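There are 2 protein chains.
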Amino acid sequence: MKTKPIGIFDSGVGGLTVVKQIFKKLPHEEIVYLGDTARVPYGTKSPETIKKFSIENADFLLRFKVKLIVVACNTASSTSMDELIRHVNVPVIGVIKPGAKKAVTVTRNNKIGVIGTYTTIKSRAYVREIKNISSKIDVASKPCPLFVPLVEEGWLREKATFAIAEKYLAFFRRKGIDTLVLGCTHYPLLKQVIGKVMGKKVKIIDSASSVADEVHTILMSMGELSDNKRKPRHKFFVTDAVEHFVRVGEKFLGTKIQRAERANYV
Amino acid sequence: MKTKPIGIFDSGVGGLTVVKQIFKKLPHEEIVYLGDTARVPYGTKSPETIKKFSIENADFLLRFKVKLIVVACNTASSTSMDELIRHVNVPVIGVIKPGAKKAVTVTRNNKIGVIGTYTTIKSRAYVREIKNISSKIDVASKPCPLFVPLVEEGWLREKATFAIAEKYLAFFRRKGIDTLVLGCTHYPLLKQVIGKVMGKKVKIIDSASSVADEVHTILMSMGELSDNKRKPRHKFFVTDAVEHFVRVGEKFLGTKIQRAERANYV
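Protein chains in written order, with the working numbering: chain A, 6 to 271; chain B, 6 to 271.
What follows is the structure in structure tokens.
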């Protein structure tokens with residue numbers, strides 16, 4: 006059991022920001038990553054469709070006898086957790102709860118902002134999680150759908166990127182938040198622009214490292230942390246073009262992707 | 006046969022710009038429209054994946070005994086025409102050839118620019134078609150992947166939209182083109198911004214009206230123009246959320262969408 010891999014899926018490359026943190030905090034664990042690049046993005050699609058895709062993605066990961074599944078996509082986490090937990094017989098971890106927890110511990114003035122895709126924001130999953138922890142906290146949220154294509158285009162510090170960030174984020178400055186949750190795994194790549202627009206006093210939260218902590222906690226509690234002494238052999242799968250994924254993915258991961266294959270179930 | 010509908014598919018709402026022209030030029034024809042909104046966009050995906058999706062879309066349309074299929078998506082037209090023509094037993098019309106023809110008749114200095122998605126531009130389909138008509142013409146092409154999300158966000162005249170258009174289109178000003186082909190069915194909604202950035206001397210071509218002309222020519226040549234005297238009852242299908250499609254789609258179509266349903270084959 007202990008040497009079984011951890012399964013992680015995302016709609017595309019964004020979930021690699023979570024993989025990066027797991028590599029760092031759990032270096033003995035083997036990863037099977039799945040990016041559903043044939044159907045990316047999820048953030049503009051309906052909860053119904055995302056649930057269907059999420060179940061198919063989980064089924065693919067289960068072929069590798071994974072001991073735990075991480076839903077590294079905020080949109081899937083905000084819409085499909087209940088279905089996934091019912092559907093599979095291993096623990097399932099989403100990215101919303103860890104991000105919400107971290108934001109609550111960081112805020113000083115009890116005013117938190119959340120940005121994400123249309124579907125994530127519309128689900129109000131972050132608002133619910135934050136309010137569950139502390140009902141005193143004010144949560145302001147807003148979708149920023151152009152951030153994902155900007156990251157995929159590699160425009161991380163362009164004039165247009167600042168103009169778009171200005172337009173989306175002015176709302177949060179008016180709200181007086183001191184903490185902003187990046188509720189999409191693409192957004193950490195825009196941290197610099199977002200930080201500049203929001204100003205130094207606003208803390209920017211991404212959930213990737215909190216998710217890795219939660220994976221650690223759960224595996225430890227089940228006695229399933231890997232005791233593998235060899236270097237783990239990770240596997241990366243995508244439902245569309247492998248080369249493009251490797252090229253863009255290495256930016257997210259910050260290291261080489263040794264082996265990536267096409268998953269043909271879509 | 007004559008009262009059979011025309012089938013049209015696109016990756017999403019963009020193809021409605023073609024439908025609009027068909028309504029105008031062929032008001033007696035009945036339309037079955039399919040937008041593959043569960044898997045949109047196509048423009049960043051591989052030709053292999055788009056071919057598979059295109060065949061599935063055509064199969065769905067054939068259930069309605071369509072007399073002709075219009076591939077209203079530039080990315081699908083630039084990658085999947087051969088497979089589609091082999092696969093179905095009715096005529097198939099793409100959007101590349103009509104757009105290329107129109108550009109060639111319009112240019113005076115024999116310098117044409119083409120913009121589109123990554124996959125469309127990489128396919129070089131427009132370059133091939135234009136060169137086929139006249140090998141003397143210089144064709145410059147460039148992908149503008151942020152234009153689609155800008156249109157879907159409804160940012161048709163924002164500061165950021167101009168900044169993005171400036172960055173993409175400066176290349177064509179340097180090339181001295183006098184004609185620019187909008188090689189994506191979303192781009193006509195940005196015509197004003199693109200026109201402003203390119204200047205009055207550059208003619209902006211979108212293929213929608215040429216496609217409608219070609220549909221007319223082919224149906225006439227086969228003796229299959231509709232002689233229906235009743236008002237046709239069009240059908241609209243999408244593979245994801247219907248309401249969102251109707252809301253955004255009415256902007257593209259410029260009229261109400263009376264009836265839209267979900268297609269469940271994805």
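The beta-carbon is built from N, C-alpha and C at its ideal position, and this holds for glycine as well. What you are looking at is a predicted structure, and each value in this text was computed from that prediction instead of being measured.
Listed along chain A, the residues sitting closer than 7 Å to E158/B by beta-carbon distance are P150, L151.
DSSP places R235/B in no alpha helix (DSSP H); its state is neither H nor E. Between P237/B and H33/B, the C-beta spacing is below 8 Å. Two segments are said to touch when three or more pairs of C-beta atoms, one from each, lie closer than 8 Å; by this definition the region 85-97 of chain A does not touch the region 24-33 of chain A. Comparing alpha-carbon positions, the option among E61/A, K56/A, P103/A lying closest to I135/A turns out to be P103/A. Around the Cβ of N137/A, a 10 Å sphere holds fewer than 16 other Cβ atoms; the residue is exposed. Taking the beta carbon of D245/A as reference, the chain B residues within 7 Å of it are K50, S51, T54, listed in sequence order. The Cβ atoms of G20/A and Y38/A sit closer than 8 Å to each other. Taking a cut-off of 8 Å for Cβ pairs, the region 144-152 of chain B and the region 116-124 of chain B touch, as three or more such pairs fall below it.
Think of a sphere of 8 Å around the beta carbon of R44/A: the chain B residues whose beta carbon falls inside it are A43, R44, in chain order.
If you look at I27/B, you'll find it in the alpha helix (DSSP H) that goes 21-30. Scanning chain A for C-beta atoms nearer than 9 Å to the C-beta of E163/B yields A168, I169, K172, reported in chain order.
Of all C-beta pairs linking the region 206-214 of chain B to the region 181-198 of chain B, three or more are shorter than 8 Å, placing the two stretches in contact. Taking 8 Å as the upper bound for CB-CB distance, T84/B and P52/B are in contact here, some 4 Å apart. Annotated three-state conformation of L224/A is helix, per DSSP.
Within the same chain, and ignoring the five residues on either side of F176/B in sequence, the residues whose Cβ sits closer than 6 Å to its Cβ are K147.
DSSP, read as helix, strand or coil, puts Y38/A in strand. For P154/B, the chain A residues whose C-beta falls within less than 7 Å of its own C-beta are P150, L151, P154, listed in chain order.
Taking each of V202/A, D218/A, T49/A, H249/A in turn and checking the Cα distance to I126/A, the smallest one comes out for T49/A. Three or more Cβ pairs closer than 8 Å define a contact, and the region 58-68 of chain A falls short of that threshold against the region 166-182 of chain A. Within the region 184-208 of chain A, the alpha helix (DSSP H) runs of at least 4 residues that lie entirely inside it are, in chain order, 196-203. By a beta-carbon distance limit of 8 Å, I27/A does not contact T124/A. Their separation comes to about 25 Å. In this structure, D183/B sits near R113/B, with a CB-CB distance shorter than 8 Å. Residue pairing by DSSP leaves P10/B without any beta bridge partner.
Considering only Y131/B, A246/B, G228/B, A81/B, the residue with the shortest C-alpha distance to A105/B is Y131/B. Cβ-Cβ distances below 7 Å link S215/A to P103, G104, K106, K107 in the same chain, with the five nearest sequence neighbours on each side left out; the list follows chain order. Taking each of T8/B, F167/B, K29/B, K7/B in turn and checking the Cα distance to G259/B, the smallest one comes out for K29/B.
Sorting H249/A, D232/A, T244/A, A246/A by C-alpha distance to the C-alpha of P10/A places D232/A at the top. Burial state of E266/B is exposed, judged by a 10 Å Cβ sphere holding fewer than 16 other Cβ atoms. For V156/B, the uninterrupted alpha helix (DSSP H) segment begins and ends at 152-158.
Setting aside the 5 residues that flank it on each side, A43/A is surrounded in the same chain by T244, D245, V271, each with a C-beta closer than 6 Å to its C-beta; the list follows chain order. When only Cα atoms are considered, Q263/B and F250/B end up about 12 Å apart. Taking the Cα positions, F152/B is about 21 Å away from V24/B.
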